[in-house]
Structures are given as structure tokens and as C-alpha cells.
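Take a look at the structure below.
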Amino acid sequence: MSRLLIEASTALCLLQDAGRFGVRHLGVTQGGALDWVSMSWANWLLGNPLDVPVVEITLGGFTVLAEDYCVLALAGADLGAYIDERAISPGRSFILQKGQRLRFTQPHSGARAYLAAPGGFDAPKVLGSCASVAREALGGLDGFGRALAEGASLVYSGTGTHLRELPVERLPTAASLEVILGAQIGQFSGQSLFDVFNTEWTLDSRADRMGMRLLGTPLQYQGPSLISEGIPLGAIQVPPDGQPIVLLNDRQTIGGYPRLGALTPLSLARMAQCLPGEKVRLAPVMQETAHREHLSYLQRFTNR
Numbered sequence: 001m002s003r004l005l006i007e008a009s010t011a012l013c014l015l016q017d018a019g020r021f022g023v024r025h026l027g028v029t030q031g032g033a034l035d036w037v038s039m040s041w042a043n044w045l046l047g048n049p050l051d052v053p054v055v056e057i058t059l060g061g062f063t064v065l066a067e068d069y070c071v072l073a074l075a076g077a078d079l080g081a082y083i084d085e086r087a088i089s090p091g092r093s094f095i096l097q098k099g100q101r102l103r104f105t106q107p108h109s110g111a112r113a114y115l116a117a118p119g120g121f122d123a124p125k126v127l128g129s130c131a132s133v134a135r136e137a138l139g140g141l142d143g144f145g146r147a148l149a150e151g152a153s154l155v156y157s158g159t160g161t162h163l164r165e166l167p168v169e170r171l172p173t174a175a176s177l178e179v180i181l182g183a184q185i186g187q188f189s190g191q192s193l194f195d196v197f198n199t200e201w202t203l204d205s206r207a208d209r210m211g212m213r214l215l216g217t218p219l220q221y222q223g224p225s226l227i228s229e230g231i232p233l234g235a236i237q238v239p240p241d242g243q244p245i246v247l248l249n250d251r252q253t254i255g256g257y258p259r260l261g262a263l264t265p266l267s268l269a270r271m272a273q274c275l276p277g278e279k280v281r282l283a284p285v286m287q288e289t290a291h292r293e294h295l296s297y298l299q300r301f302t303n304r
């Protein structure tokens, strides 16, 4: 068993896994890592199953002290990570000697980094997952969804020896987010449908793990009032102000605003690395095409 003592943390540093499934009929959301791609690569670097618990570090401000010899892995955003005074870039597994500190300062590129340990960090499962959802008080180290706190310990019992590094590769730019059309898409005005896919949208500062608001030309919905219905991950709701909201992992399970459709899983991972103020464009994609691209990307984890 190896242990990391948390010396500094924020409300945005959370224990996450792939999420909580099969419980939305109970009104329980899925939670889980916002950038599932980076979480998967962090686990891949250590030879873990891709969905075991990791630390999701948003915007930095996180420091741990190794109380034992540790093998860890880092993927996702570059949040200015250091081992003591030596900078370390994401996309690699590494050794943390007893007494060394790993700290994350501030974003250099991207918003969320993922820290993995051999076999995953130990935490109780609640409804099948340790994913932290503060609103529902589920998951995390204590089972009540709390953020990782100073003075707490991260423990893992795996004995990984993998030391790997990811080759530099570029996903399609975060500025291009693919949308599977659906729901009430045909009940928006023709001008709004043009504006959705032919203008830039700015990520609002009003963003959290429930959703990200897009600012731009207000969209006009022309259909009837809706009865609340189930909401999938990535759904793009349009409230009365006409500014779309992309719903994320900690979203509510039902909603009554009209929807343009939903972002693809790969686009959601890219969006999770965007910072407020960044510009994005939406691009329509056929469901079959998005499914094929998704399966193709999943094969990368087995082909390396």
C-alpha cells in the first residue's frame, strides 16, 4: 500500500472514475471524469483498466507529499506540475520518491489534469462508482461527494512498474465541437440554425461540472412548450435567453428546455479542456459517423 498526503487542494480537485450508470431512473446523475479521454490515457500509462479512480485536478492548486515510494501517471492539461522544483509535463508515468512533493500551479494549456495510480486510488463505491458529485453527496474518499481536502490521504494498493510516455499527438482542435442533431432541432428558426453552425460561440465563466454556457447570437425556438424529458450527456439545451448550455456529467437527469442535439463523446472531452473566454464552433455530424469515430478512437488504447 502506498500513500499520498494532500497538502493543498481546492473545491475543484475531485476523485473521479468513469461514472455512475444504471441509476438515472432514480434521479441520480452519472458524474465521472469530464475529460474521459485524458482519464483513460492516465490509466493506460500504468497498465490499469481505463475506468479506475483518478484525481481530476481543475486549474491547479493541488499538492501531494509522497509518504511512500510511488509510481504515478499524469495526462490531460498542462497545469504547471512540478516534482519538488523539477517541472514535469503530462502524458507520462513517473516515480515519486518518499518525501517528494508533486504540485500543480496554474494552467499553461488546458483546464483539467488527471493523476492516476497503479490499480486506481482506493475509495468506497456508492451505487457502483466512487465518482464525486457534491450536489448529490455521493462518491469521493468518504462516500459523501466531498472535494479532496488538505490533510486527507490518497491510498492505492497496486504495484505498477509501467513507465511509459505518450507520443505527441493532436486531437481535432477544441474549437471544433461535433453535434449529433436531434430532439427539437427542426423547431428553431432558419436563421438560428444558420447561426448555430456558422458563428463562433464564447465559453461563459458561468461553467461547472453540470454544464457550460455558450455566449453568442441568441437562438429562437419556435415550437410548443415541452414536458420535461430525460437528458443525455452532452445535450445542448436552449433556455429562454437563447444562449445554449452544454450539459455535462453532473447535469440533472431531466429537463424541459428545447435541445439542438448533443455533443459527441470526443467533443465533450475536448470541451472539458476549454477555459472561459475561449471560442468554439459547432459542427453537425451524423450519428453513424460519430459512432464510427468513437470506436476508432477506443481502439487506440489496445493498439499501442
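Quick note, the sequence shown lines up with residues 1 to 304 if you use full-length UniProt numbering. Every residue gets a Cβ at the ideal spot worked out from N, C-alpha and C, and that includes glycine.
Fill in: With 16 other Cβ atoms within 10 Å as the buried cut-off, status of Q273
Buried: at least 16 other Cβ atoms inside 10 Å.
Worksheet item: Is P265 helix, strand or coil by DSSP?
Response: The answer is helix: DSSP assigns P265 an H, G or I state.
Discussion item. Please list the terminal residues of the continuous alpha helix (DSSP H) segment that includes E165.
Written reply: Annotation for E165: no alpha helix (DSSP H) segment contains it, and DSSP assigns it neither H nor E.
Worksheet item: Start and end of the alpha helix (DSSP H) containing L298?
Response: Unbroken alpha helix (DSSP H) run through L298: 287-298.
Fill in: Between the CA atoms of A149 and L171 - distance to the nearest angstrom
In this predicted model, L171 has a pLDDT of only 48, less than 50, meaning its place in the structure is not dependable enough to derive any value.
Discussion item. Below 8 Å on the Cβ atoms is my contact criterion, and I expect D122 with V71 to pass it. Report the Cβ-Cβ distance as a whole number of Å.
Written reply: So it is not a contact: roughly 15 Å between Cβ atoms.
Worksheet entry | G120 to V54 span [Cα, whole Å] | Computed Cα separation, rounded: 6 Å.
Worksheet entry | 8 Å Cβ cutoff met for D250 and R135 | Taking 8 Å as the cut-off, the Cβ atoms of D250 and R135 count as close.
Worksheet item: Does DSSP put I180 in a helix, in a strand, or in coil?
Response: Three-state DSSP puts I180 in a strand.
Practice prompt. Go to V55, then tell me how far its beta strand (DSSP E) extends in each direction, as first and last residue.
Written response: Here the beta strand (DSSP E) through V55 covers 54-58.
Worksheet item: Which runs of the beta strand (DSSP E) spanning at least 3 residues fall entirely within the region 75-121, listed in chain order?
Response: Runs of the beta strand (DSSP E) inside the region 75-121: 81-83, 86-88, 92-96, 101-104, 109-116.
Worksheet entry | R83 to L15 span [Cα, whole Å] | As written in the sequence, residue 83 is Ile, which differs from the Arg given in the question. Going from the Cα of I83 to the Cα of L15 covers about 21 Å.
Fill in: Beta-bridge pairing of S129 - partner residues as DSSP gives them
In DSSP, S129 forms a bridge with V126.
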